[in-house]
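To start, the structure itself, in structure tokens.
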Amino acid sequence: MKTAVYPGTFDPITEGHLDIVRRASKVFEELIIGIHDKPEKRLLFSIEERVTMVQETVKDLRNVRVEHFSGLTIDFIHSVKGMVMVRGLRAISDFERELAMALMNKELAPDIEMVCLMTSSRYQFLSSSAIKEIASLRGSVKGMVPDNVVLALDRKFSK
Ligand code: ADP
């Protein structure tokens, strides 16, 4: 079975991420969304909150499951017997970062292939950091993130 892993921080998951999930789930037999526990980033949501939000949004996709991991992404992919790492590309800046990561990962794990899906044009502007900034300033993010994430952001910023 061809298992692919879509790793990321998903702090929080956006419609841009979901678009990549839906499309990748049609290409691969099994897709595992791997949520990094503690990346070198300041996070708004805990790992439990991020896992729950992602699980709620992908519950209708039969060949998609959600796991969390710490440490190297390639080690996680090996642990679930994955063959492919899926990433999304929005702009040249994403490309430079992803290319550097792909080349490094190829040195460390030659058996894993990286597949990048281009963003759909309507999500090109979407990033988790922009969503957090808008929500923190009490702007509306409806339509940019799933409804459960809108509620979770409301709860965080109404405190
Ligand atoms: P990371 O911290 O690993 O970059 P993110 O959760 O920010 O994790 O993103 C995970 C992946 O999803 C990355 O490959 C990123 O480029 C991609 N991605 C993020 N937003 C979008 C979007 N709007 N359209 C397509 N891909 C996206």
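Numbering follows the numbering used here, in which position 7 of the sequence shown is assigned residue number 206; successive positions increment by one, without gaps.
Think of the CB as a built atom: it goes at the ideal place given N, C-alpha and C, for glycine as much as any other residue.
Any heavy atom of ligand 1 within a distance shorter than 7 Å of the CB on residue i?
{"i": "Leu-325", "result": "yes"}
{"i": "His-216", "result": "yes"}
{"i": "Thr-256", "result": "no"}
{"i": "Pro-206", "result": "yes"}
{"i": "Pro-345", "result": "no"}
{"i": "Gly-342", "result": "no"}
{"i": "Thr-318", "result": "yes"}
{"i": "Thr-213", "result": "yes"}
Can you give me the Cβ contacts of residue i inside the same chain, cut-off strictly under 8 Å, excluding the 5 residues immediately before and after it?
{"i": "Ile-246", "result": "Ile-234, Asp-236, Lys-237, His-267"}
If I measure Cβ to Cβ from residue i and keep anything under 7 Å in the same chain, skipping five residues before and after, which residues do I get?
{"i": "Val-250", "result": "Ile-234, Val-265, His-267"}
{"i": "Thr-256", "result": "Ile-212, Leu-217, Pro-345, Asn-347"}
Who are the near neighbours of residue i in its chain, counting only those whose CB is closer than 6 Å to its CB and skipping five residues on each side?
{"i": "Met-317", "result": "Leu-288"}
{"i": "Gln-323", "result": "Arg-289"}
{"i": "Ala-299", "result": "none"}
So is residue i in contact with chain D if we call contact Cβ pairs under 8 Å?
{"i": "Asp-236", "result": "Reference to chain D is not applicable here, since this structure consists of a single protein chain."}
Could you tell me which residues DSSP pairs with residue i in its beta bridges?
{"i": "Ala-329", "result": "DSSP, once it has assigned bridges, lists no residue as partnering Ala-329."}
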